[in-house]
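Colleague: Those letters in the sequence shown? Residues -22 to -1, 1 to 637, per mature numbering (1 follows the signal peptide of the UniProt record, and there is no 0), in order.
We put the CB at the ideal spot given by N, CA and C, even for glycine.
Keep in mind that this is a model prediction, so the values were computed, not measured.
Here it is: the structure, laid out below.
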Amino acid sequence: MYKATTVAVLLLTLHFICRAQAPRPQPVFPPDTVPAEIIVSGGEDSLQLSAGLRPLRQIAGAPAAFYTYFWELGDGTFSFSKNPQLHYKDTGTYRVRLYATNNYDDGKAPPTKPRPIKVKKPVRNSAWASHFFRGAGNIEMKINRNPRPGENFMLLMGYRNVTGDVSSGSLLLFYNEKQFAREGFKLEEKRSYHQEDSSSLQAVLTALQQPDNLSAPLLARGPAPMAASDAARTMVQSLQAAYSTHTVLHYSNASPGAEQFLFLEMHTLPEMIQDTNATVTITAMLVPDNPQLPPETWQLEMAVVASHDPNRLQLKKHRINYRLMGRKKELTYKVQFQNTGKGPARRVAIGIAVPRQLNTASITLKEISPACVHCDSAYQQQSCIDTIQTKDSVYFVFRNIYLPGLQQEGVTDEDSTRGFVRYSVLFKKKPKKIPFSSSAAIIFDRNEPVYTNRAVARFIKGISPAIIAGYNFSPNRNDYTLRGPVQFGVALAPFSPDRPFFQAEAYAGILEKETSGITTSRDKRDTVIGRQPYLIAGRGSQTTITRNSLQLVPLHFRYNINRWMAAGVGVLAQVNITTQTTVTHTAYLSNPQQPATIVQTVSSAQEAPAQWFGSLQAAPFADLQAGRVKTGPAIGIRYLRQLSGETPNRFFVYATYKL
């Protein structure tokens, strides 16, 4: 017994030791959640980065999938190269982040996982050039990819000092435009490398306030500081009115010629999926502390995308207010393209399908890149752009240009591989209120065309209130009548719809009367009234029902056949708030000598107690309307079939005015 117990204990001990020594299973990540791996190669004085990424999953029918890269190098510098060289001037530990974008791939972008890199001695050839600023201003912005709902993207804000003195000031970032119903972006993290401090919008506005009493030396300098401060305050207030969210940072001791960068990680909220293909803006503003220096702004346009594609067609302000638009309403489109090949493109042709609602002849070029002249004024072999218009399309053709390929050897500036065409177009006439779309095909040299997304324009539904005044009557054969004063009501419907729509209505029925008259006898009996003999020729009774009611139309399905005719069907529900029933008995008297002639009538009335909220009635109806049925005055007639009561059939004749 003792030996058996000892053996059992030894076996259990051996089992647990083996389990403890066995390797634990590694977690298996779904392919879309595998973080991007950062690989460092080279010696201590020459370091290079490369990426380990999941295999791409090609979208069927799209150009070949590929990755683009954005590296945050942990010292305030960055790179868009695939394999960047490191240029650390000092020793230390730097946290490197890689943001890879999966173009023409049906998955999500690889998550970012920072990697610390320890530098023991400065790297040789540590000179670094940003190639960031394209204009002559002091502030610009750039993103590593277009916002996609549920994903993060990097917003790179660069500012510099082109003055001859050390400068300081405030950096303001405005996002989430108020014109959209929901917020689209959330600032996940902001990283700075030059001691920028968080500030507030109120602090900026307070600093821009002018003192009540200016000193004589300041007055002698003239109005320039006041003008700059006024302009800055006006710009801040206008941006505050246009955007719902902002963040503010303050910088100090920016040396002349210095370029400094802020790394802002933005999250695109999933709610933005409803605004896919919308063009949104983010605006940055630089307000110098020196009141003699003017403020500057930089607005960045971005397309909210469902997948990452460098070739896109964008429509700015794709939601159109139909009530305020006219024939002169202008739409602005932008076609973006990128040469993702291994060699340069000398010719880029862009064919765009123009919706039938738009006037092709009104197309005007606003801005192009690469910048060149129109071919009509170009000399032979000069870089130029040609515009060819047809009835339902337009073609923009870049000729004799040099657009480098993204995979071309020696190309380090990704922006140099991109171009765009921005153009405006007018409507032929005020269109029907239905969405319309456009798309483009882009051909680089003699390659197969690359097709863009469809840019859809939609009209804001809007609300159209209406007032209604009408009269009820009944064509009943049994001498029933339905009468009363004019009935007033209100209605709510979408503004000027061209598709079937629902409309809600409410009416107040005051002092409506429903009367029935029935003769019950002709008995020819004698009677005496005031000592005067009469012959009762007959007796009759009349029932009058007086109502105050509330009528609701919870279900009304309508269709505007054209601008002048409309039809609808629905159900009316009537609640009788008060009901008063009066029965009037009448005797018809004649002279006994002339029984055929009625000489007098005698009546008596009996009123029943008033009933409150006595009944609920329903009546399906059909409706016809003529006039300006979308907006303006119209008349109509409605047939109602009452499901209960003594007046089953009735008509409602009315006039209406829609706003």
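#1: Touch check for the stretch 276 to 291 and the stretch 343 to 363: three-plus C-beta pairs under 8 Å?
#2: Can you grab the Cα-Cα spacing for the pair serine 146 / leucine 133, in whole Å?
#3: Thinking just about the alpha-carbon of each residue, which of Gly467, Leu31, Asn317, Asn255 is nearest to the one in proline 41?
#4: Do serine 416 and lysine 344 have their C-beta atoms within less than 7 Å of each other?
#5: Where glutamine 367 and phenylalanine 414 are concerned, what is the direct C-alpha to C-alpha distance, given to the nearest angstrom?
#6: Rounded to whole angstroms, what's the CA-CA distance from glycine 304 to serine 474? Just pull it up for me.
#7: Residues in the same chain with beta-carbon distance under 8 Å from glutamine -2, minus the five sequence neighbours each way, listed in chain order, please.
#8: Is the CB-CB distance between leucine 149 and leucine 264 below 7 Å?
#9: Taking all protein chains shown into account, decide if tyrosine 229 is buried (16 or more other Cβ within 10 angstroms of its Cβ) or exposed.
#10: Let me confirm a value: proline 5 is counted as buried when at least 16 other C-beta atoms fall within 10 Å, else exposed. Which label applies?
#11: For lysine 91, which residues from the same chain have a beta carbon less than 6 Å from its beta carbon, with the 5 sequence-adjacent residues on both sides left out?
#12: Just to confirm the assignment: which complete beta strand (DSSP E) runs, minimum length 3, are found wholly within the stretch 260 to 334?
#13: Between alanine 418 and valine 313, how many whole angstroms is the CB-CB distance? I'm expecting something under 8 Å.
#14: Mapping DSSP to helix, strand and coil, what is valine 561?
#15: Tell me the start and end of each unbroken beta strand (DSSP E) in the stretch 75 to 116 that is at least 3 residues and wholly inside, in chain order.
#16: What distance in whole Å lies between the Cβ atoms of leucine 621 and glutamine 595, which are believed to be in contact at a cut-off of 8 Å?
#17: Across the stretch 318 to 330 and the stretch 113 to 120, are there enough close Cβ pairs to call them in contact, namely three or more that are closer than 8 Å?
#18: Residue range of the beta strand (DSSP E) that glutamine 238 falls in?
#19: Applying the 10 Å Cβ sphere with the 16-neighbour rule, what's the burial state of lysine 636?
#20: Would you report the Cα separation of alanine 202 and isoleucine 260, rounded to the nearest angstrom?
#21: Answer yes if the stretch 503 to 521 comes into contact with the stretch 561 to 574, meaning at least three C-beta pairs across the two stretches below 8 Å, and no otherwise.
#22: Specify the secondary structure class of glutamate 15 as computed by DSSP and reduced to three states.
#23: Using 7 Å as the threshold, is the C-beta distance between leucine 186 and alanine 210 below it?
#24: With a CB to CB cut of under 6 Å and the five nearest residues on each side skipped, what residues in its chain are close to tyrosine 632?
#25: Apart from the five residues on each side of it in sequence, which residues of its chain come closer than 7 Å, Cβ to Cβ, to valine 97?
#26: Can you give me the Cβ contacts of lysine 306 inside the same chain, cut-off strictly under 7 Å, excluding the 5 residues immediately before and after it?
#27: Our contact map puts glutamine 26 next to asparagine 81 with C-beta atoms below 8 Å; I'd like the distance itself, whole angstroms only.
#28: Could you compute how far the alpha carbon of phenylalanine 44 sits from the alpha carbon of proline 472?
#29: Quick one: grab the DSSP three-state call for serine 146.
#30: Beta-carbon within less than 6 Å of glycine 52's beta-carbon, same chain only, minus the 5 sequence neighbours each way: which residues are those?
#31: Helix or strand or just coil, what does DSSP make of glutamate 392?
#32: Below 8 Å on the Cβ atoms is my contact criterion, and I expect arginine 123 with threonine 79 to pass it. Report the Cβ-Cβ distance as a whole number of Å.
#33: Thinking C-alpha only, which one of Ser233, Ala281, Pro100, Val214 is nearest proline 273?
#34: Got a sec? Which residues, its chain only, sit under 6 Å from alanine 262 by beta carbon, not counting five neighbours each side?
#35: Could you check if arginine 534 is buried or exposed, using at least 16 other CB atoms within 10 Å of its CB as the buried criterion?
#36: Using the Cβ count rule (16 or more neighbours within 10 Å means buried), how would you classify asparagine 431?
Modeller: In short, the structure shows the following:
#1: Here the stretch 276 to 291 makes no contact with the stretch 343 to 363; the two share fewer than three CB pairs at distances below 8 Å.
#2: What you label residue 146 is simply residue 168 of the sequence shown in a count that begins at 1. What you label residue 133 is simply residue 155 of the sequence shown in a count that begins at 1. Distance between the alpha carbons of serine 146 and leucine 133: 22 Å.
#3: By 1-based counting over the sequence shown, the position of residue 41 is 63. Nearest C-alpha to proline 41: Asn317.
#4: For the purposes of this step, residue 416 is taken as residue 438 along the sequence shown, with counting starting at 1. For the purposes of this step, residue 344 is taken as residue 366 along the sequence shown, with counting starting at 1. With a cutoff of 7 Å on beta-carbon distance, serine 416 and lysine 344 are scored as not near each other.
#5: Working through the sequence shown from its first residue, we reach residue 367 at position 389. Working through the sequence shown from its first residue, we reach residue 414 at position 436. Separation of glutamine 367 and phenylalanine 414 (C-alpha to C-alpha, rounded to the nearest whole angstrom) is 20 Å.
#6: On the sequence shown, position 326 is the one that residue 304 refers to. On the sequence shown, position 496 is the one that residue 474 refers to. So the two alpha carbons sit approximately 14 Å from each other.
#7: Within the sequence shown, the letter at position 21 stands for residue -2. Because glutamine -2 sits at a pLDDT of 45, beneath the cut-off of 50, its placement in the model cannot be relied upon, and the following sentence gives the value as read from the coordinates. Excluding sequence neighbours, glutamine -2 sits near nothing in its chain.
#8: For the purposes of this step, residue 149 is taken as residue 171 along the sequence shown, with counting starting at 1. For the purposes of this step, residue 264 is taken as residue 286 along the sequence shown, with counting starting at 1. Yes; because the gap between Cβ atoms is below 7 Å, this pair is in contact.
#9: By 1-based counting over the sequence shown, the position of residue 229 is 251. Label assigned to tyrosine 229: buried.
#10: Reading the sequence shown from its first residue, position 27 is the one you call residue 5. Unreliable positioning characterises proline 5 in this predicted model, as indicated by a pLDDT of 45, which lies under 50. A coordinate reading is not provided.
#11: One-based indexing of the sequence shown puts residue 91 at position 113. Taken in chain order, the residues that qualify are Pro13.
#12: You should have 274 to 281, 290 to 294, 297 to 299, 308 to 316, 326 to 331.
#13: Within the sequence shown, numbered from 1, the residue matching residue 418 stands at position 440. Within the sequence shown, numbered from 1, the residue matching residue 313 stands at position 335. Alanine 418 to valine 313, Cβ: 5 Å. Contact.
#14: Here residue 561 refers to the residue found at position 583 of the sequence shown. In the structure shown, valine 561 adopts extended strand secondary structure according to DSSP, grouped into three states.
#15: Qualifying beta strand (DSSP E) stretches, in chain order: 93 to 97.
#16: Numbered from its first residue, the sequence shown carries residue 595 at position 617. Numbered from its first residue, the sequence shown carries residue 621 at position 643. Glutamine 595 to leucine 621, Cβ: 7 Å. Contact.
#17: Too few Cβ pairs lie closer than 8 Å, so no.
#18: Here residue 238 refers to the residue found at position 260 when the sequence shown is read from its first residue. That run of the beta strand (DSSP E) goes 237 to 246.
#19: One-based indexing of the sequence shown puts residue 636 at position 658. Counting Cβ neighbours within 10 Å, lysine 636 comes out buried, since at least 16 surround it.
#20: As a working note, residue 202 is residue 224 in the sequence shown. As a working note, residue 260 is residue 282 in the sequence shown. The pLDDT assigned to alanine 202 is 49, lower than 50, so where the model puts this residue is not dependable, and the model offers no usable value.
#21: Between the stretch 561 to 574 and the stretch 503 to 521 there are three or more C-beta pairs closer than 8 Å, enough to call the two in contact.
#22: For the purposes of this step, residue 15 is identified with residue 37 of the sequence shown, where counting begins at 1. In this structure, glutamate 15 counts as strand in the three-state DSSP scheme.
#23: Taking the sequence shown and counting its residues from 1, one reaches residue 186 at position 208. Taking the sequence shown and counting its residues from 1, one reaches residue 210 at position 232. Judged by their CB atoms, leucine 186 and alanine 210 are nearer to each other than the 7 Å cut-off.
#24: For the purposes of this step, residue 632 is taken as residue 654 along the sequence shown, with counting starting at 1. Hits under 6 Å: Ile446, Gly448, Gly614.
#25: As a working mapping, residue 97 is identified with position 119 in the sequence shown. Excluding sequence neighbours, valine 97 sits near Tyr66, Thr69, Gly70, Tyr72.
#26: For this step, residue 306 is matched to residue 328 along the sequence shown. Taken in chain order, the residues that qualify are Leu404.
#27: In the sequence shown, the residue the question calls residue 26 occupies position 48. In the sequence shown, the residue the question calls residue 81 occupies position 103. Wrong, their Cβ atoms sit about 23 Å apart, outside the cutoff.
#28: For the purposes of this step, residue 44 is taken as the residue at position 66 of the sequence shown. For the purposes of this step, residue 472 is taken as the residue at position 494 of the sequence shown. In this structure, the CA atom of phenylalanine 44 is about 45 Å from the CA atom of proline 472.
#29: Within the sequence shown, the letter at position 168 stands for residue 146. Here serine 146 sits in strand by DSSP.
#30: Residue numbering aside, residue 52 sits at position 74 when the sequence shown is read from its first letter. Cβ within range, chain order: Tyr72, Arg73, Val74.
#31: If you number the sequence shown from 1, residue 392 lands on position 414. Assigned with DSSP and collapsed to three states, glutamate 392 falls in helix.
#32: To locate residue 123, count along the sequence shown from 1; it is residue 145. To locate residue 79, count along the sequence shown from 1; it is residue 101. The distance from the Cβ of arginine 123 to that of threonine 79 is about 4 Å, consistent with a contact at the 8 Å cut-off.
#33: In the sequence shown, residue 273 corresponds to position 295, counting from 1. Closest option to proline 273, Cα to Cα, is Val214.
#34: Locating residue 262 in the sequence shown gives position 284, where the first residue counts as 1. In the same chain as alanine 262, and ignoring 5 residues on each side of it, the C-beta atoms closer than 6 Å to its own belong to Ile117, Met119, Met135, Leu151, Trp276, in chain order.
#35: Taking the sequence shown and counting its residues from 1, one reaches residue 534 at position 556. Residue identity differs from the one stated: residue 534 is histidine in this sequence, not arginine. Histidine 534 is buried by the Cβ-count criterion.
#36: Sequence index remark: in the sequence shown, residue 431 carries index 453 (1-based). Burial call: buried.
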